[in-house]
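Some notes on the structure that comes next.
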Amino acid sequence: MDPMTDPALAAFRSEVRAFLETRLPDELRRGAERATSVFVDPAISLPWQRILHARGWAAPDWPAEHGGPGWSEMQRYIFAAECARASAPNLAPMGLKMVAPVIMHYGTAEQRAHYLPRILSGEDYWCQGFSEPGAGSDLAALQLRADRDGGDYVLNGSKIWTTHAHFANRMFCLVRTSAEGKPQAGISFLLLDMGSPGIGVEPIRTLAGDHELNQVFFDDVRVPQANRLGAENEGWSVAKHLLTFERGGKYAPALIGRVARLRAQPCRDTVLRARLEREAVGLEALQALELKAMRGTGGSPALYASALKILGTEAAQRIDALACEMAGFAAWADADGQTPAELAVAVPRYLNDRAASIYAGSNEIQRDLIARLVLG
């Protein structure tokens, strides 16, 4: 039976759609439509997370034993598609989709009991401390020192391009605990409190003018060794596990929703219309590949993660460019707030999404990974 036409899944889709129609507030929907990044302002995303949490749907990917709904892969995909169709706000992925799975896998019973409920409820808002000024694509070159002192690590150094660090109260962070052996062998994975003395957060303005990114400085910051995830000097394995979740996302549902909203805009340019339809067809193919990856049929998970990251981010960039062309001057000026959201935010989204093919492992690196996996 085709999972897309299964009666039980059709009933599930109807349940989700009805919930979104009745429980998604208009102000949150409008805020999501005018978001210029996949990282929605927590003033919009957190209220929606609390509504979903009350329904038991805040973490679709989580197993029931940790507070998730225990859905099948197909149910999760349908939920993502319906949320995109309804213009529901994206929830911040750093806690729910990135650090939570590695806490489930590598964390102690105490760590799981402490952190997971707070991530689920939105009480803790996380940021990711991986990239450094001298270690971007070459993540193993990181130099943020973590020296043992009694029962603590003492951190000195900095992280950069840290999304929403100015909102976060928690960070998951890669640190250098040993300089011996291969660079990957001396890395540990820490969970730290952003309110710790010695942490400084400086804004980085994006090309679009947004304050989304930051540089975070550590000056003798003390982190209890109990906040380490996994064994000392084995954080590279934890990070690799996490990166499969960061890169292997569902791109098609959100992009299909964007194309649907662009289709609804008046545009007499038949060439632009034809390009938009080509993107729509391409997204159907992307969705088919995501469904294939989801079912685990053929190919390694790492291969799928890299391929989907390339295809999804580059499709987003092409759609951004189309939106700018369709918007024309409306993409630059919306003084009265009357320009349709998809067009009013076209330029900021275009500028923000230039980084999509760079972060989470640049697309050039993803192509190298695919070549190694396929060609050897």
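In this text, residue positions in the sequence shown follow the UniProt record's numbering: the first is 1, and each later residue adds one.
We put the CB at the ideal spot given by N, CA and C, even for glycine.
Every value quoted in this text rests on a predicted model; they were computed, and no experiment measured them.
Same chain only: Cβ atoms within 8 Å of residue i, ignoring 5 sequence neighbours per side
| i | result |
| --- | --- |
| L139 | F130, S131, L174, A239 |
| D124 | G95, Y115, R118, N169, R170 |
| G209 | P348 |
| S237 | G230 |
Local conformation of residue i per DSSP, three classes
| i | result |
| --- | --- |
| W62 | coil |
| H211 | strand |
| W236 | helix |
| M1 | Per-residue confidence for M1 stands at a pLDDT of 42, beneath the threshold of 50, marking its modelled position as unreliable; the derived number appears in the next sentence. Here M1 sits in coil by DSSP. |
| E132 | strand |
| I358 | coil |
| E364 | helix |
| Y153 | strand |
| R34 | coil |
| G198 | coil |
| R275 | helix |
| C127 | strand |
| R148 | strand |
| L91 | coil |
| P348 | helix |
| R55 | helix |
| R222 | strand |
Counterpart residues of residue i in DSSP-defined beta bridges
| i | result |
| --- | --- |
| K159 | V216 |
| I319 | For I319, which the question treats as bridged, DSSP gives no partner whatsoever. |
| V187 | The question names Val, but residue 187 in the sequence shown is Ile. Paired residue(s): R176, E234. |
| I204 | L213 |
| D193 | R170 |
| L229 | F189 |
Beta-carbon proximity list for residue i, same chain, < 7 Å, skipping 5 on both sides
| i | result |
| --- | --- |
| N13 | Looking at the sequence itself, residue 13 is Arg, so the reference to Asn does not match. Counting only Cβ-Cβ distances below 7 Å, and skipping sequence neighbours, we find I78, E82. |
| R263 | L276 |
| M1 | Any reading at M1 must be qualified, since the residue scores a pLDDT of 42, below 50, and its modelled position is unreliable; the value itself is stated next. Taken in chain order, the list of residues that qualify is empty. |
| G195 | N169 |
| L373 | S300, A302, L303 |
| A280 | V259 |
| M294 | E73, Y77 |
For residue j and residue i, believed in contact at Cβ under 8 Å, the rounded distance
| i | j | result |
| --- | --- | --- |
| L20 | W48 | No, L20 and W48 are not in contact; Cβ-Cβ is about 10 Å, not under 8 Å. |
| H53 | L116 | So it is not a contact: roughly 12 Å between Cβ atoms. |
| L255 | L322 | Contact doesn't hold; Cβ gap of about 11 Å is too wide. |
| G296 | Y251 | That pair is no contact at about 18 Å. |
| K97 | D61 | 7 Å |
| A315 | L283 | 7 Å |
| R50 | G107 | Rounded, the Cβ-Cβ distance is 24 Å, inconsistent with contact. |
| S188 | G235 | 4 Å |
| L144 | L155 | 6 Å |
| L308 | L291 | Not quite, the Cβ-Cβ distance comes to about 11 Å (not below 8 Å), so this is no contact. |
| Q265 | E342 | 6 Å |
| M104 | L9 | Not really, about 26 Å apart at Cβ, beyond 8 Å. |
| L91 | W161 | 21 Å between Cβ atoms; not a contact. |
| S137 | Q215 | Not really, about 17 Å apart at Cβ, beyond 8 Å. |
Same chain, Cβ closer than 6 Å to residue i, neighbours up to 5 away in sequence not counted
| i | result |
| --- | --- |
| L190 | C173, V175, V223, N227, R228 |
| G67 | L120 |
| L369 | S306 |
| Q184 | A140, W236 |
| R17 | E82 |
| I310 | N363, Q366 |
* Count the C-beta pairs between the stretch 340-353 and the stretch 36-45 that are closer than 8 Å, then say yes if the count reaches three, no if not. => Short answer: they touch.
Do the stretch 205-219 and the stretch 357-366 make contact, defined as three or more Cβ pairs closer than 8 Å? Per the Cβ contact rule, the stretch 205-219 is not in contact with the stretch 357-366 (fewer than 3 Cβ pairs under 8 Å).
Determine contact between the stretch 155-171 and the stretch 196-212, defined as no fewer than three beta-carbon pairs at a distance below 8 Å. Yes, the stretch 155-171 touches the stretch 196-212.
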